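For reference, the structure discussed in these notes is given below.
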Amino acid sequence: MFRKKSLLVVSAILTAVLVLSACGGTQTAGKVFKVGISEDLTTTNFWQANGPDNTVWNAYVLLPMRIALYTLSDQTNQIVLQAAADWATPLVPEGDKWSQTIPLKKGITWSDGQPFTAKDAAFTINTVLKFGLFSGNWQAWVDNNYVDSAVATDDYTLKIIYHTKPGIARTDWGVLQLPILCEHYWSSKIADAAKPLEDLVPPAANAPQADQDAYQAKVSDAQKALFAIDPSGEPLAGSFLFSKWEKGAYAQSVANSKYFFSGAEVVEYANGAYHESKANIYDFKAYGDLTGDKILDYKSGPFVQSVQYIIYSDQNAALLALQKGEVDYILNPSGLSKGLADQMKSDPKLNVVQNSSLGFRYLAFNLRRQPMGDAAFRQAFATLIDKEFVTQSVLQGVAYPLNSFVPVSDTAWYSDQATKWGYNADGSGMSREQRVNAAIDILTKAGYTWEGGRQPAWDPDNLQVVPGGALLMPDGNPVPALELLAPSPSYDPMRATFAIWIETWANEMGIPVKAKLTGFNVIVNQVFSKQDFDIYILGRNLSIFPAYLRDFWSSDQAQMGGNNAGGYISKDFDTLSGELLTCESYDTCRGIANQIQELVANDVPWIALFDTGIYETYSKTLTFPYTSTLGGLQQVDGMPWAVNIN
Numbered sequence: 077m078f079r080k081k082s083l084l085v086v087s088a089i090l091t092a093v094l095v096l097s098a099c100g101g102t103q104t105a106g107k108v109f110k111v112g113i114s115e116d117l118t119t120t121n122f123w124q125a126n127g128p129d130n131t132v133w134n135a136y137v138l139l140p141m142r143i144a145l146y147t148l149s150d151q152t153n154q155i156v157l158q159a160a161a162d163w164a165t166p167l168v169p170e171g172d173k174w175s176q177t178i179p180l181k182k183g184i185t186w187s188d189g190q191p192f193t194a195k196d197a198a199f200t201i202n203t204v205l206k207f208g209l210f211s212g213n214w215q216a217w218v219d220n221n222y223v224d225s226a227v228a229t230d231d232y233t234l235k236i237i238y239h240t241k242p243g244i245a246r247t248d249w250g251v252l253q254l255p256i257l258c259e260h261y262w263s264s265k266i267a268d269a270a271k272p273l274e275d276l277v278p279p280a281a282n283a284p285q286a287d288q289d290a291y292q293a294k295v296s297d298a299q300k301a302l303f304a305i306d307p308s309g310e311p312l313a314g315s316f317l318f319s320k321w322e323k324g325a326y327a328q329s330v331a332n333s334k335y336f337f338s339g340a341e342v343v344e345y346a347n348g349a350y351h352e353s354k355a356n357i358y359d360f361k362a363y364g365d366l367t368g369d370k371i372l373d374y375k376s377g378p379f380v381q382s383v384q385y386i387i388y389s390d391q392n393a394a395l396l397a398l399q400k401g402e403v404d405y406i407l408n409p410s411g412l413s414k415g416l417a418d419q420m421k422s423d424p425k426l427n428v429v430q431n432s433s434l435g436f437r438y439l440a441f442n443l444r445r446q447p448m449g450d451a452a453f454r455q456a457f458a459t460l461i462d463k464e465f466v467t468q469s470v471l472q473g474v475a476y477p478l479n480s481f482v483p484v485s486d487t488a489w490y491s492d493q494a495t496k497w498g499y500n501a502d503g504s505g506m507s508r509e510q511r512v513n514a515a516i517d518i519l520t521k522a523g524y525t526w527e528g529g530r531q532p533a534w535d536p537d538n539l540q541v542v543p544g545g546a547l548l549m550p551d552g553n554p555v556p557a558l559e560l561l562a563p564s565p566s567y568d569p570m571r572a573t574f575a576i577w578i579e580t581w582a583n584e585m586g587i588p589v590k591a592k593l594t595g596f597n598v599i600v601n602q603v604f605s606k607q608d609f610d611i612y613i614l615g616r617n618l619s620i621f622p623a624y625l626r627d628f629w630s631s632d633q634a635q636m637g638g639n640n641a642g643g644y645i646s647k648d649f650d651t652l653s654g655e656l657l658t659c660e661s662y663d664t665c666r667g668i669a670n671q672i673q674e675l676v677a678n679d680v681p682w683i684a685l686f687d688t689g690i691y692e693t694y695s696k697t698l699t700f701p702y703t704s705t706l707g708g709l710q711q712v713d714g715m716p717w718a719v720n721i722n
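Here's what the structure looks like:
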């Protein structure tokens, strides 16, 4: 779930919109890049696709059709220009507010031929604010806790106004990387949807709940109307244009003949220097002298006429199609298992690449329900999960256990100091006996008991747990039957495997957990759109800057459709994580990020489970400008349009 590089990314990743290119050549009529995917789109409406429907599958198809003011360099993940003509000015006081201005490139056009201007950027920002879009990527891109409004001071100068001074998380890594929508198309489309918001004034924080509910109902009505708009014929400025969607079968996009960056040359150097230019159009240099070894040198595409995203029932079906030549590449946020990767390596028609991951798979609780709302229960639950056993013994080392929500691969932000439930002081994983005893200790100290006084115990002779009675909560009532939602084995066998083992370990302790293995989109809808769940397992793709450490668990994301579907509420967290959005230097931001990792690890609203290196496979008929990148090729939002077909 969630944006690539984002949610996020995504990265979610949160989130650069990378529109990359292929290695030389010219666009060839008739070339079709066929991509296998395992889940259908849920919408083509970009407002919805980055809000409550913020899935990686929507992002795969829709993000490369957009451009932003700034993006990230391909290999070094440094911020570089995209639609912007130069760096944004520093923040300056403007009355009791703050502002910065951004100059835009001239000559960029929408696919209908009309100019791409600062009015489009201002419209996008102001629309997000008007409709109160807070879920998914919108919170990271246009955080209304900081962003006040935007205005085009002329056609090619954008001014962003902040009511509260933000830090780099919400400027450089937030609104300045916002994908831009077309003002002359959308302004009339949203007029009716915005009517419930006319003259609507947010109630005071201490207003009666009825007033707050009435206000939120009108905002919700407006959002639903916005999300219901059919975007057919929408002008776009990315490398490809949306063409067709046959639900349950495939989606298709076609090359944008007006793509501004087609033919641009990008060069990156080992010393960190970056150079991007287009003959007689623009020339941009940053991060040092353009000298020394080049680590990347390519020209921008696209080099295929169209891209088809063909939906398969599961990864095995997609891999069979790849081997038969029916598709050229498979998009999957989990990548391949090592076993499947080894199988693909033996196929002379395929290439297999491996990269470090930028994400995690996790378990999350609904804290609105008991006993999940009790931190002691969550800590005991985390203690019972033997990540090393599942990843090393059951999954044969194809995955590795995680104990932090910042991946080890993101070395600039990872902290090894957070509490690790189920681990000894020396860092080694507890034995099964130690886990059982530690979990019992946590629960009994918090007032839990077992029915009939029959506490579970470790049998040293048979090396197994002797189950006791049902676990009773501190109020004396038995823990109710709990449902653990997880993806099916056909979607992700590793998450399904974890779910089955977690069910076993919980029931040994008298916790009646039943794993329900189901469809990815089913889980997303039940968790984020309905918030009707007990426990679930999903995954996240992430951004380089860890602003997601706030976005995943902030109280303002606990509303319907928000990232914090489990309803974790902590004043300490909100205060600390808010500082992550106002810090202005790396050192300050890193210290705050470390404290957040420690706080969340102790409170356990989520449990980081595992991740894998990303294995990907593709036809040898394809050529990419590079295959080594943090998070894998599937993390690069523009990757499919970077390709050339030989």
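Okay, so the sequence shown: first residue is 77 according to the working numbering, each after it adds one. Heads up, the beta-carbon is just placed ideally off N, CA and C, and yes, glycines get one too. In this text the structure is predicted, and so the values were computed from the model without any measurement.
Opening and closing residue of the beta strand (DSSP E) in which F109 lies: V108 to I113
8 Å Cβ cutoff met for W534 and L460: no
Residues near G243 by beta carbon distance below 6 Å, same chain, minus five either side: L657, T658, C659 and E660
Contacts around T104, its chain only, beta-carbon distance under 6 Å, and the 5 residues preceding and following it disregarded: For T104, the predicted model reports a pLDDT of 44, less than 50, meaning its position is unreliable; a value from the coordinates is still stated below. Same-chain partners within the cutoff: there are none.
Check whether L726 and Y524 have beta carbons under 8 Å apart: Absent from the model: residue 726. The displayed extent of the chain is 77 to 722, so no value can be given.
Option in K696, L145 and K195 with minimal Cα separation from W217: L145
In chain order, each beta strand (DSSP E) run of at least 3 residues that lies wholly inside the segment 430-504: 435-441
N513 - partner residues in DSSP beta bridges: Looking at the DSSP output, N513 sits in no beta bridge, so it has no partner there.
Nearest-angstrom beta carbon gap, Y385 and V111 [assumed within contact, 8 Å]: 5 Å
Beta strand (DSSP E) segment containing G615, residue limits: I611 to N617
Nearest-angstrom Cα separation, counted from A340 out to G131: First, the residue type needs correcting, since residue 131 is Thr and not Gly in the sequence shown. Roughly 30 Å between the two C-alpha positions.
Simplified DSSP state of A98, which is helix, strand or coil: Because A98 carries a pLDDT of 31, less than 50, the predicted location of this residue cannot be relied on, and the following value inherits that uncertainty. In the structure shown, A98 sits in coil (DSSP, three-state: anything other than H, G, I, E or B).
Segment limits, beta strand (DSSP E) that includes Q328: That run of the beta strand (DSSP E) goes Y326 to A331.
Meets three-Cβ-pair contact criterion under 8 Å: the segment 622-630 and the segment 474-483: yes
Sufficient close CB pairs (3 or more, under 8 Å) joining the segment 256-275 to the segment 196-214: yes
In DSSP terms, what I184 is bridged to: Under DSSP, I184 takes part in no beta bridge, so it has no partner.
Closest by C-alpha distance to Y363, when choosing among S432, Q154 and F457: Q154
I371: first and last residue of the uninterrupted alpha helix (DSSP H) it sits in: Unbroken run through I371 is the beta strand (DSSP E), K370 to K375; no alpha helix (DSSP H).
Residue range of the beta strand (DSSP E) that includes S175: S175 -> beta strand (DSSP E) spans K173 to P179.
Rounded separation between G212 and S296 - CA only: 15 Å
Cβ pair F336, G183 closer than 8 Å: yes
4 or more residues per run - each alpha helix (DSSP H) lying fully within the segment 574-641: 596-600 and 624-627
Those runs of the beta strand (DSSP E) which lie wholly inside the segment 248-283 and span at least 3 residues: none
Inter-residue spacing [alpha-carbon to alpha-carbon] between Q493 and D462: 19 Å
Cβ neighbour criterion (16 or more within 10 Å) applied to D219: D219 comes out buried.
Residue nearest to L180 in terms of C-alpha spacing, selected from K496, T193 and T697: In terms of CA proximity to L180, T193 leads the group K496, T193 and T697.
Reduced DSSP secondary structure (H/G/I, E/B, other) of I244: coil
Strand pairing of T233, partner residues [DSSP]: P179 and D230
Inter-residue Cα distance where the pair is S749 and P255: This structure gives no information on residue 749, because the portion of the chain shown stretches from 77 to 722.
Separation of V428 from S422, as counted between CA atoms: 10 Å
For K696, the first and last residue of its enclosing beta strand (DSSP E): In the DSSP annotation of this structure, K696 is not part of any beta strand (DSSP E), being labelled neither H nor E.
Helix, strand or coil at L685 [DSSP, three-state]: strand
Cross-strand partners of W534 (DSSP beta bridge): V541
For K400, three-class secondary structure by DSSP: Note: K400 maps to coil in three-state DSSP.
Under the three-state DSSP convention, the category L426 falls into: Strand, per DSSP.
Reference Y222, options P191, K265 and D172, closest by Cα: D172
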